[in-house]
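Working notes for the structure below.
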Amino acid sequence: MSLSVPVWHREGAGPANIVLIHGFGADRLAWVANSPALAARATVWMPDLPGHGATGNDVGDGSAADLARALVAGLPERALVVGHSLGGAVAMHLAALAPDAVLGLVLISPAGLGAAVDPGLLADYPELRTQADAMAALRSLVARSQLIQAPMADYVLQGLAPTGRREALRRVAAAVPEHFAPPVIQPCRYVWGDSDGIIPLSDDLRDRLGDALTVLPGTGHLPQVEAFSAVNRLILSQI
Amino acid sequence: MTDILVPQLGNEIDEAEVTEWLVVAGDSVAEGDQVVVITTTKMSIELEAPATGVLRITADEGELVRVGAVLGVIE
Numbered sequence: 001m002s003l004s005v006p007v008w009h010r011e012g013a014g015p016a017n018i019v020l021i022h023g024f025g026a027d028r029l030a031w032v033a034n035s036p037a038l039a040a041r042a043t044v045w046m047p048d049l050p051g052h053g054a055t056g057n058d059v060g061d062g063s064a065a066d067l068a069r070a071l072v073a074g075l076p077e078r079a080l081v082v083g084h085s086l087g088g089a090v091a092m093h094l095a096a097l098a099p100d101a102v103l104g105l106v107l108i109s110p111a112g113l114g115a116a117v118d119p120g121l122l123a124d125y126p127e128l129r130t131q132a133d134a135m136a137a138l139r140s141l142v143a144r145s146q147l148i149q150a151p152m153a154d155y156v157l158q159g160l161a162p163t164g165r166r167e168a169l170r171r172v173a174a175a176v177p178e179h180f181a182p183p184v185i186q187p188c189r190y191v192w193g194d195s196d197g198i199i200p201l202s203d204d205l206r207d208r209l210g211d212a213l214t215v216l217p218g219t220g221h222l223p224q225v226e227a228f229s230a231v232n233r234l235i236l237s238q239i
Numbered sequence: 240m241t242d243i244l245v246p247q248l249g250n251e252i253d254e255a256e257v258t259e260w261l262v263v264a265g266d267s268v269a270e271g272d273q274v275v276v277i278t279t280t281k282m283s284i285e286l287e288a289p290a291t292g293v294l295r296i297t298a299d300e301g302e303l304v305r306v307g308a309v310l311g312v313i314e
């Protein structure tokens, strides 16, 4: 099975490199509240994963491992890699595939640690067709629904329109529960919202992650939007 | 006096809509309180008060504002 070559976008021009990997159903514009702050101090690299954004729809077997394989060729040397949700699992695989290139990880409510991912969102997202359905799905991602407005729902529906996109996302969604990431490289920091309804933060996870975990109060599954100032500060502290 | 400014949000976004003020003009706010929701074509975010003081609103809900525009002032 083939993998589409990812489209990479770049902002900023610092000596440090930061790679931002979006989650399921999103694209590099998940990071609009983050890239300006980070680009002041680093070169920021934002790929669209296969099956997402401007990248083609060949997702291999749909696993985080395959999506990570697609990124290796375009990865800058010596980068801090930040991944959100499914992008977190991709980031962990990327660190295993390119250990000399990945200096460290920041994982934002990542999949791939064995915690349950809400099956409803994975099933519903590739099938969204109305603005109302898209609004409802997006609202489940955040703690405060005022952050979900019609333009974002319309943007999501437009993103689902290209031929082959929905099928690609179904394949990726089907792979999510079964593929877990390899052991995590160090240094690695974790960020999680205490009100995440998509990948809930269990007590077991809190214990396992210990001091490497930063919990954001009143925050759902999109900390990089819902608490962007805190997330930006944390990412910058790692470069 | 400290301005509440529309922040830069990625290279391709140069304007936003003022969606909802979360506090009322004349209210006291603390630095870091969330005060307003703005919406772009890609997403909405909440902006924090850059200082502690009394809020004066200069851009109303529904207005389109450009990056760098003043939404309100903390006095």
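Which chain is which? The protein sequence lines are V and S, in order.
Counting along the first sequence from 1, when you hit position 70 you're at 70 in the working numbering, and nothing is skipped either side.
For the working numbering, count along the second sequence from 1 and bump the result up by 239.
Even for Gly, the Cβ is constructed at its ideal location relative to N, Cα and C.
All figures in this text were calculated on a predicted structure; none of them were measured in a lab.
Apart from the 5 residues on each side of it in sequence, V:L222 sits with its Cβ closer than 7 Å to the Cβ of L141, V142 in its chain, given in chain order.
The beta carbon of V:A101 sits closer than 7 Å to the beta carbons of L75, E77, R78, A79 from its chain, once the five residues preceding and following it are set aside; these are given in chain order. For S:G249, the C-beta contacts it makes with chain V under 7 Å involve L29, V32, S35, P36, in order along the chain. Scanning chain S for C-beta atoms nearer than 8 Å to the C-beta of V:L147 yields V276, M282, S283, I284, E285, reported in chain order. Runs of the alpha helix (DSSP H) lying entirely within the segment 47 to 107 of chain V and spanning at least 4 residues, in chain order: 64 to 72, 86 to 97. The Cβ of V:F228 sits closer than 8 Å to at least one Cβ of chain S.
The beta carbon of V:Y190 does not come within 8 Å of any beta carbon belonging to chain S, so the residue lies off that interface. Near chain V, meaning a CB-to-CB distance below 7 Å, no residue of the segment 288 to 311 of chain S qualifies. Per DSSP, V:Y125 lies in no alpha helix (DSSP H) segment and is marked neither H nor E.
Rounded to whole angstroms, the separation of the alpha carbons of S:L286 and V:T214 is 21 Å. Listed in chain order, the beta strand (DSSP E) elements of length 3 or more contained wholly in the segment 135 to 195 of chain V are 188 to 193. V:L209 sits in a helix when the DSSP states are folded into three classes. For S:I252, the closest Cβ of chain V is nearer than 8 Å.
Under the 10 Å beta carbon count, V:R171 is surrounded by 16 or more other beta carbons and is classified as buried.
Cβ-Cβ separation between S:G307 and S:L244: approximately 6 Å, consistent with a contact (criterion under 8 Å). Pairing V:A65 with V:L94, the inter-Cα distance amounts to about 8 Å. Within 9 Å of the CB of V:Y125, no CB atom of chain S is found; the nearest one sits about 16 Å away.
A Cβ-Cβ distance of about 7 Å is found for the pair V:V19 and V:V82, placing them in contact under the 8 Å criterion. DSSP places V:G120 in the helix class (H, G or I) of the three-state scheme. Against chain S, the CB of V:E167 has no partner CB under 8 Å away; the residue lies outside that interface. In terms of beta-carbon proximity, S:E270 stays away from the interface with chain V, with every pair separated by 8 Å or more. Here the C-alpha atom of V:H84 lies approximately 11 Å from the C-alpha atom of V:L105. Sequence-distant Cβ neighbours of V:D58 in its own chain, meaning closer than 7 Å and more than five residues away, are S2, L3, S4, P50.
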